[in-house]
Every structure is written in C-alpha cells, then in structure tokens.
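In this note's numbering, the protein residues as written are 9 to 380.
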C-alpha cells in the first residue's frame, strides 16, 4: 500500500492516504511510526539510546566501566554496533532458546569443547610434571590428550543427546584431529612454561577455572573494571616476563599491524593489562593462537608496550564515554547486521539508515574502528 503511494509523482495529492493503517492495531502503528522516525536525518530515541535524561542518568551511571565489570566479549560488541552493546551488555537481553534436535555442532559449542579439552590437557600434564611439551614428550602428551577427548566428548554426548550419532562422531573426530596437530606444535613454544589455564577474574570460581583465579574483578588503569577468563598464561624460561594467550578456533583475520582490530579484538592487550594487575608481574606479549585447520595453526603476537597499552585504554575510554553520554544508537559496522542476534529488534537496512544521520556524534566510534 505504502509503496504505491510513495511512487506517486505528486506527493501532496496522496497526503493522508493510508492513514487508516495507524488505526488498525497498536503494533502496526508503532512499527510504522518507528520506521519513519529511524529514516529521518535527526537522531531520535527510535535510533536507540541517544541522550541522558533525568530518568536515565542514574541507571546509566551504574553501567559505567568504573561502576560494574564487563567482559571483553561484551565490550567488543560496541565496535560492531553500540545498540547491540546496549541490548546485550547493559539491558542483558539474549535470544530465547528454542529446543531442537542437535544436528551439527555450532561454532560456540565447538569452541567450548575445544577449550575445555585444552584446559584439562594442560592441568593433566602439569600434575604429571610434563610441561612444557617437548619433542621427546609429544607421544606421551598425545596419549593424555586422547583420554581427555574421550571423557569430554562422552559428557557432552550425555548433555546434548545428538540426533545423529554418525554426525556427532565425525564432529568430534574433526575436533580431535585439530587438537592433535595443536599438541604437535607445542614444542615450538618450549621457551615458555605454561603456568595457569582458564585463569578467571571477576567470575565465581568453579572446577573449570585455574585454582589461582580471583573472584574480584580487576581494576585496569585504576579506572575500568574487567572480568573474564584467560585461556593460558605462560612464563618465559628466564622468569622475566609473562605471555597471555587466547585460543581461537576460527579463521585468522589479523594482520601484522593488528593491536585491537578496530575494537573487535581486545583480548591480547586488555587481558595482558588485567593479568599484570592481578598477578603483579609484567606481561611482555598478548597472543592469539588460531589452533585449528580453519585458522592455519597460526599465532599473532601483540607486544605490550606503551603505545599498545594506550590503544587498549583508549578503547575502554571510548566505550565508557558513550555510556556516560547516553549515546548508544544503532550504528552497525559494515556487515555487522548479518550475524547480529538482535536483527529482529532493528529490522533491515540499519547500515543504510545510519548514513543519513549527522556524523559528528559518531566520531568516537569511527575513531575506534580505525585503530589497528
């Protein structure tokens, strides 16, 4: 109905037509009005959170990065889209879970199994005093790995009740193949002694966390509260420096210049700063280890120097400032809407609509997205 009216060459001649749609039901009226408001060039509450009011000032103050701890996963959503960050990290909304038979492992479940096996593997070798893994101990390490994969897979099988056994076995075999290659690569890093596995801070302790984990969040730079779980913390053989590793199971999209990846890859720098604060020891490198065939078993190091520390802290400052100013609109990065859980809330074409808005208020966000 609207498309036909909007195609008319003389808009004044059809003004007021289709007004009956606003009276059909409240949901349709609200939808049409919101879509119209979002299409306008001015920022409005229909675009998300765009200003502080008397009603929102105090609640927003309680969401500042100095007032409550955030995980790095939550903070990375800001670079993808501030409104996505608002809905997930501030309002704490999430998609409802629909029970359905498990056909294939989704990337999140696959990653969870992969990380659990890695943590249990390191703990088992540490208990047997077999760390670090060397060329001479690879065979023994692989035997330990196979036993852990079998036990972890059996537990997940009971919990998930996969619909097709053959598909499940193939998925686990694929994970096991990648893990075995990963173990064979470990002697290349024998200059680093693994110390802590799944080191948690700001999280309730459980059996999956390193026993040295702390339940209090870490205050980085005396201003920003962080919580999270670090996959691996290693110490250089000379004891001078630590290295923080985040294991990845996807593709490696980093470049030689990557530090925070436009705000989308915060772990190397900010995990390092958090570990320095929690353990009271200097961290020399943050590392992303893409330990699957999809990632080419490659790693990416970020030196923890003053320049890169400043880049990481600036990312936190930008997110905190957006919360302080109450400006968290729908402003997605290119392609971010494709995989967003909240697309049913926004609807389509957000990337197109945000281009019509005044760009001055997006300067902080654009600056973050240009950081290496």
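Virtual Cβ for every residue (Gly too), placed ideally from N, Cα, C.
Just so it is clear, the structure is predicted and the values come from calculations on it, not from any experiment.
Return helix, strand or coil for residue i, following the three-state DSSP convention.
i           : result
residue 296 : strand
residue 347 : helix
residue 216 : coil
residue 264 : coil
residue 73  : coil
residue 291 : strand
residue 195 : helix
residue 16  : coil
residue 28  : coil
residue 247 : coil
residue 56  : strand
residue 222 : strand
residue 337 : strand
Please determine, among the options, the residue with the shortest C-alpha to C-alpha distance to residue i.
i           : options               : result
residue 237 : 214, 257 and 9        : 214
residue 316 : 379, 351, 372 and 356 : 379
residue 283 : 53, 118 and 204       : 204
residue 139 : 118, 230 and 200      : 200
residue 362 : 301, 90, 61 and 65    : 90
residue 343 : 54, 37 and 88         : 88
residue 152 : 181, 164, 174 and 188 : 188
residue 370 : 86, 38 and 39         : 86
residue 264 : 20, 123, 47 and 306   : 306
residue 368 : 77, 290 and 51        : 51
residue 42  : 115, 240 and 356      : 356
residue 376 : 202, 340, 160 and 346 : 340
residue 359 : 183, 47 and 26        : 47
I'd like the list of long-range same chain contacts for residue i, defined as Cβ closer than 8 Å, with 5 residues on each side in sequence excluded.
i           : result
residue 331 : 68, 71, 72, 73 and 98
residue 141 : 133, 149, 191, 194, 195 and 198
residue 64  : 57 and 334
residue 274 : 80, 83, 84, 268, 320 and 323
residue 279 : 80, 236, 238, 252, 254 and 294
residue 329 : 372
On the CB-based measure, 16 or more other CB atoms within 10 Å of its CB, does residue i come out buried or exposed?
i           : result
residue 28  : exposed
residue 225 : buried
residue 212 : exposed
residue 327 : buried
residue 23  : exposed
residue 173 : exposed
residue 206 : buried
residue 128 : buried
residue 234 : buried
residue 30  : exposed
residue 61  : exposed
residue 303 : buried
residue 256 : buried
residue 277 : buried
How far does the alpha helix (DSSP H) with residue i in it reach, from first residue to last?
i           : result
residue 68  : 65-69
residue 306 : No alpha helix (DSSP H) holds residue 306; the beta strand (DSSP E) holding it covers 306-311.
residue 116 : 115-135
residue 226 : That residue, residue 226, is in no alpha helix (DSSP H); its beta strand (DSSP E) goes 226-228.
residue 341 : No alpha helix (DSSP H) holds residue 341; DSSP gives it neither H nor E.
residue 164 : 146-168
residue 372 : 371-377
Enumerate in chain order the residues of its own chain whose CB-to-CB distance from residue i is below 7 Å, with the five nearest sequence positions on each side excluded.
i           : result
residue 103 : 349
residue 168 : 110
residue 222 : 209 and 286
residue 179 : 112 and 113
residue 352 : none
residue 164 : 121
residue 92  : 85, 348 and 350
residue 94  : 56, 57 and 336
Got a sec, what are the start and stop residues for the beta strand (DSSP E) residue i sits in?
i           : result
residue 233 : 232-244
residue 255 : 250-256
residue 278 : No beta strand (DSSP E) contains residue 278, which DSSP labels as neither H nor E.
residue 91  : Element bounds for residue 91: not the beta strand (DSSP E) but the alpha helix (DSSP H), 90-93.
residue 138 : Where residue 138 is concerned, there is no enclosing beta strand (DSSP E), given that its DSSP letter is neither H nor E.
residue 206 : 200-209
Which same chain residues, not among the five before or five after residue i, have their C-beta less than 6 Å away from its C-beta?
i           : result
residue 267 : 310, 316, 319 and 380
residue 308 : 262 and 296
residue 229 : 321
Can you determine whether any heavy atom of the ligand FMN sits closer than 7 Å to the C-beta of residue i, and answer yes or no?
i           : result
residue 210 : Questions concerning the ligand FMN fall outside what the structure shown contains, since it holds no ligand whatsoever.
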